[in-house]
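Peer 1: These protein sequences, in sequence, are chains B and V.
Going by the working numbering, the first residue of the first sequence is number 1, and it counts up by one from there.
Going by the working numbering, the first residue of the second sequence is number 413, and it counts up by one from there.
For glycine and all other residues, C-beta sits at the position ideal for the given N, C-alpha and C.
My questions all concern the structure below.
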Amino acid sequence: MKLYNELRTADFISYKYFQKNYKLLIFLTVILSFSFVNIVFFTSFNKGLEETVNNELRTYVLGDIIIEPEGGDEVTKGQGGEEIIENADEIVSKIRALPGIAGVSKRLGLRATIAKKGKLGIGRLIAIIPEEDYPVSSLEPTIFEGSSIGRYEKNGVLMGVESAGFPWSRTLTQGTGISVKVGDEVEITFDSQFKKNYTVMGMFDTRYFESDFFTLINEKEIPESLGLKNKATSLMITVDDRSKLQEYKRDILNLGMHVKVSIWDEKAGFGQQVAKSLGVIQIVMFVAGIVIASVTIFITIYVNILNRMKFIGIMRAIGISRFAIIVSYLIETLFYCVAGIFVGLGITLAIIRYLTIQPLDLPLGLVTPVATTSNIVFGSLSIVIASLISAFIPTYIVTGKNIIYTIYRGEK
Amino acid sequence: MISVSHLKKTYRVGKIEVDAVKDVSFDVGKGEFVNIHGPSGSGKSTILHLLGLLDDPTKGTITLNGKNVSSLPESEKSKIRLMKMGFVFQEYNILPELTALENTVLPALMTDASHDLIYRKAEKILRYLGLGHRLHHLPSELSGGEKQRVSIARSLINDPEIIFADEPTANLDSVTSEITINLFKKMNEELQLTILLVSHNPKYLVYANKIVFVEDGLVKNIQINRKTDKSDRFSLLRSFIRNSLKKGYSINAITSILVKAGWKKSIIEAELSTGVSKTPVG
Chain B
1 MKLYNELRTA DFISYKYFQK NYKLLIFLTV ILSFSFVNIV FFTSFNKGLE
51 ETVNNELRTY VLGDIIIEPE GGDEVTKGQG GEEIIENADE IVSKIRALPG
101 IAGVSKRLGL RATIAKKGKL GIGRLIAIIP EEDYPVSSLE PTIFEGSSIG
151 RYEKNGVLMG VESAGFPWSR TLTQGTGISV KVGDEVEITF DSQFKKNYTV
201 MGMFDTRYFE SDFFTLINEK EIPESLGLKN KATSLMITVD DRSKLQEYKR
251 DILNLGMHVK VSIWDEKAGF GQQVAKSLGV IQIVMFVAGI VIASVTIFIT
301 IYVNILNRMK FIGIMRAIGI SRFAIIVSYL IETLFYCVAG IFVGLGITLA
351 IIRYLTIQPL DLPLGLVTPV ATTSNIVFGS LSIVIASLIS AFIPTYIVTG
401 KNIIYTIYRG EK
Chain V
413 MISVSHLKKT YRVGKIEVDA VKDVSFDVGK GEFVNIHGPS GSGKSTILHL
463 LGLLDDPTKG TITLNGKNVS SLPESEKSKI RLMKMGFVFQ EYNILPELTA
513 LENTVLPALM TDASHDLIYR KAEKILRYLG LGHRLHHLPS ELSGGEKQRV
563 SIARSLINDP EIIFADEPTA NLDSVTSEIT INLFKKMNEE LQLTILLVSH
613 NPKYLVYANK IVFVEDGLVK NIQINRKTDK SDRFSLLRSF IRNSLKKGYS
663 INAITSILVK AGWKKSIIEA ELSTGVSKTP VG
């Protein structure tokens, strides 16, 4: 008996049955499409969240390449105990001279407290050179009130929404921390000893909680008595061509400075951590989706087979092979899977399209799910494989029974 | 053609063992019309299932064309059922999703025959069985007799050597039963098909060349009819005409039924004229 003939028969049986049982098709399509959405949408959401966090981390905190202190001549302990880069201006000049470097921003994290009317705020004070930092960090476009701190401003700070407190903050509630608006004065205490008042010039909202906790101050405003001139805690670098990050890193390392050079994704541990944490939920959702699909297919096909047991017996009696009957059910299941995946894909893409226009506003930023081809293929294959296994088991069991038993259902 | 030797079939019902067939031996020759006859529960259907390779015997052998087929693996038995055997069941057992034509072509799809050839042949068989006007009808749109004829058509599609018919008239009215049995006889005579018919109705014994009387799982007697008794067949025809007239069937309707059952029109007309004259109408 040729395989072609068996497949021809299986195809004929499944097609004819499929044609006459559209209610079952609708039912299984709905169930399988939900399972597909469950698997693919959550994976896409997780991917989108990871991309958002990484993008924000790269744009506002790390740059394309980040230089940090590493033990050596140029690195000493700062006043707050943190490691700092000495001779930062010289290093910046050397890096800027390299080909392909678009910008370098020297950032100096300061140990300081910010207070308003005696109430302490939550935030991290960063000293920058505004005209050098804005092109690199892209912070300036996120200023939603007031103005940036420019080259000539005196005694001005730029505060992130988390640093500014209620009502701007997404994480702080009324009565927690300070609450400032543009034009207010804040008191900054450097290293627990030197106090100075600054005016809030503007506020920015990157929608990324880490950078929104920044309070930016012009490097020139740091009291000279702190002895922090020509020092930095990090150098944020942007490049012309992001596909050549490894080459740029090598060029910087070849300068022979005792600093730690990292490409942004080597430091994007937070984004990966978020994705990893969500990965656990993702696995739960994936297993749930697969179990729902498998159990539904198993029960439906099993009930279907029990109802058609007599006809399976008749088909075997007239010489239709067991293989052809099993394959007919697998083809039928494949029809349901294709329909379910097709509808599920439509629903998923519609939700993603909607969330592209109206992204999810989360504390970690605006998140748009990213449905990658590999996610869709993986989700589809998982459903197909789980469904085929679930359909195969009852079909194999029933077609293996005695023909007379299947025709007369246990009468003998 | 088929030889059955010391066939035994025991079913286990819980802890109790029931011998449905105890020790059965007989032969079926090529082109024979064999009627396995016996009361309900005598084991005649079980014998048919065993001969048709639908069930495995507990003991004994079944030889088909000199080859022991009882111990073959299921895949080989399946091929034999497909290519050498045809089955007609009591409850028609045609697939409800398929039309008459599609039900007929189904077993042929497993063979090497081309799609066109299969459909042409199926159509020809259905027309031969008087179902030319019902090709594309679903089983739900067919009468009991028509369903049974579709089942017969399906059994013929792969040119089998032997047809197994298990109480094929049990669900049919007397007129349709008559047509169906005559069809089997017609197939036996015209197509030289070996027919193995299981029936408890003594009316149909006259059609058989060989009658295997079964009782309590044993063959009680085997009766050979060297030549089918035509006088008995004519007496059945007369009885059918008389009963039909009593039931108020028109002469045209009776003629049409009997033509479908394979009787020549001239014989029917001759018998009808006799029947009409002898039978009071109303």
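Considering B:G346, what are the terminal residues of the beta strand (DSSP E) in which it resides?
Peer 2: Unbroken run through B:G346 is the alpha helix (DSSP H), R322 to I357; no beta strand (DSSP E).
Peer 1: Closest to V:T422 by C-alpha separation, out of V:G472, V:I666 and V:N480, would be which residue?
Peer 2: Nearest C-alpha to V:T422: V:G472.
Peer 1: Starting from B:Q181, trace the beta strand (DSSP E) in both directions and tell me its first and last residue.
Peer 2: Sequence check: residue 181 of chain B is Lys here, not Gln. It is not in any beta strand (DSSP E) - B:K181 carries neither H nor E in the DSSP assignment.
Peer 1: Exposed or buried, B:F194, counting other C-beta atoms within 10 Å across all chains shown (16 or more means buried)?
Peer 2: exposed
Peer 1: Just the chain B side, please: which residues come within less than 7 Å of V:E514 by C-beta, in chain order?
Peer 2: Under the 7 Å cutoff, chain B gives K16.
Peer 1: Following the continuous beta strand (DSSP E) through V:D467, name the residue where it begins and the one where it ends.
Peer 2: Neither: V:D467 is in no beta strand (DSSP E) and is coded neither H nor E.
Peer 1: V:L510 touches chain B at which residues, Cβ-Cβ below 8 Å?
Peer 2: Those within 8 Å of V:L510 in chain B are K16.
Peer 1: Answer yes if the stretch 606 to 614 of chain V comes into contact with the stretch 442 to 450 of chain V, meaning at least three C-beta pairs across the two stretches below 8 Å, and no otherwise.
Peer 2: yes
Peer 1: Any chance the stretch 212 to 220 of chain B sits against the stretch 121 to 139 of chain B, with 3 or more Cβ pairs inside 8 Å?
Peer 2: yes
Peer 1: Indicate the three-state DSSP secondary structure (helix, strand or coil) for V:R424 in the structure shown.
Peer 2: strand
Peer 1: Does the beta carbon of V:R566 come closer than 8 Å to any beta carbon on chain B?
Peer 2: yes
Peer 1: What does B:A324 reach in chain V if we use C-beta pairs closer than 8 Å?
Peer 2: The answer, in chain order, is M522.
Peer 1: Would you kindly work out how many angstroms separate the C-alpha atoms of B:I403 and V:H461, rounded to a whole number?
Peer 2: 10 Å
Peer 1: How would you label B:L28, buried or exposed, when you count the other beta carbons within 10 angstroms and need 16 or more for buried?
Peer 2: buried
Peer 1: So, is V:K496 buried or exposed, given that buried needs 16 or more other C-beta atoms within 10 angstroms?
Peer 2: Under this definition V:K496 is a buried residue.
Peer 1: For B:R409, return the contacting residues in chain V, with the cut-off set at a CB-CB distance below 8 Å.
Peer 2: Those within 8 Å of B:R409 in chain V number zero; the least Cβ separation is about 12 Å.
Peer 1: For B:N413, go through chain V and note every residue whose CB falls closer than 7 Å to its CB, in chain order.
Peer 2: The structure shown has nothing for residue 413 of chain B, since chain B only spans 1 to 412.
Peer 1: Contact criterion: CB-CB distance below 8 Å. Does V:E535 meet it with respect to chain B?
Peer 2: Chain B has no Cβ within less than 8 Å of the Cβ of V:E535.
Peer 1: Per DSSP, what kind of secondary structure is B:Y198 in: helix, strand or coil?
Peer 2: strand
Peer 1: Helix, strand or coil for V:L510? Go by DSSP, reduced to three states.
Peer 2: Residue state, collapsed to three classes: coil.
Peer 1: Mind checking the stretch 444 to 463 of chain V against chain B and listing, in chain order, the residues whose C-beta falls within less than 7 Å of any C-beta there?
Peer 2: H461
Peer 1: Who are the near neighbours of V:F438 in its chain, counting only those whose CB is closer than 7 Å to its CB and skipping five residues on each side?
Peer 2: If the five residues before and after V:F438 are omitted, its C-beta is found closer than 7 Å to the C-beta atoms of V416, V624, V631 and I634, all from its own chain and listed in chain order.
Peer 1: If we count the other Cβ atoms within 10 Å of its Cβ and call it buried at 16 or more, is B:L3 buried or exposed?
Peer 2: exposed
Peer 1: If you follow the alpha helix (DSSP H) that V:R539 is part of, which residue opens it and which one closes it?
Peer 2: H527 to Y540
Peer 1: Going along the chain, which residues of its own chain have a beta-carbon closer than 7 Å to the beta-carbon of B:D251, five neighbours each way excluded?
Peer 2: L98
Peer 1: Taking all protein chains shown into account, do 16 or more other C-beta atoms lie within 10 angstroms of the C-beta of V:Q560, making it buried, or fewer, making it exposed?
Peer 2: buried
Peer 1: Please say whether B:Y248 and B:G103 have beta carbons closer to each other than 8 Å?
Peer 2: no
Peer 1: For B:M236, which of helix, strand or coil comes out of DSSP?
Peer 2: strand
Peer 1: Classify B:L306: buried if its beta carbon has 16 or more other beta carbons within 10 angstroms, exposed otherwise.
Peer 2: Per the 10 Å Cβ criterion, exposed.
Peer 1: Mind checking B:T356: buried by the 16 CB within 10 Å criterion, or exposed?
Peer 2: Note on B:T356: under 16 other CB atoms within 10 angstroms of its CB, so exposed under the neighbour-count rule.
Peer 1: Check V:H545 in the structure and name its three-state DSSP category.
Peer 2: helix
Peer 1: Across the stretch 227 to 242 of chain B and the stretch 130 to 149 of chain B, are there enough close Cβ pairs to call them in contact, namely three or more that are closer than 8 Å?
Peer 2: yes
Peer 1: Below 8 Å on the Cβ atoms is my guess for B:I413 versus B:V398; work out the distance and round it to an integer in Å.
Peer 2: What the structure shows of chain B is the stretch from 1 to 412, and residue 413 of chain B is not part of that stretch, so it cannot be assessed.
Peer 1: I need the boundaries of the alpha helix (DSSP H) containing B:N38, first residue and last residue.
Peer 2: Y22 to E56
Peer 1: Helix, strand or coil for B:K119, going by three-state DSSP, please let me know.
Peer 2: Strand, per DSSP.
Peer 1: Decide if B:D73 is buried, meaning its Cβ has at least 16 other Cβ atoms within 10 Å, or exposed.
Peer 2: Reliability of the predicted coordinates at B:D73 is poor, the pLDDT of 40 falling under 50, and no value is obtained from them.
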